[in-house]
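I have placed the structure first, in the form of structure tokens, so that the comments after it can refer back to it.
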């Protein structure tokens, strides 16, 4: 499956003194695909509200589901 969000795993975190070291993974397409979908909607006028378009795109791509699921633990 595709993940359209930045993934940060807890086992890849390290704290030394007052510094935090981490690695995160994000597919380059994860950033441009949602924005492209919203841009197409804006150009075609199918949805006039940016917030509505973003919400529709996020729902269609499952953006935010991982955060919501982890937050319910």
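Numbering (our numbering), first residue to last: 1 to 73.
For glycine and all other residues, C-beta sits at the position ideal for the given N, C-alpha and C.
These numbers were taken from a predicted model, which means no experiment stands behind them.
A distance below 8 Å separates the beta carbons of residue 13 and residue 20. DSSP places residue 51 in the uninterrupted alpha helix (DSSP H) bounded by 50-61. Minimum Cα-Cα distance from residue 32 among the listed residues 58, 23, 69 corresponds to 58. Excluding residues up to 5 positions away in sequence, 12 lie with their Cβ nearer than 7 Å to the Cβ of residue 23 in the same chain. Taking each of 45, 15, 38, 44 in turn and checking the Cα distance to residue 56, the smallest one comes out for 38.
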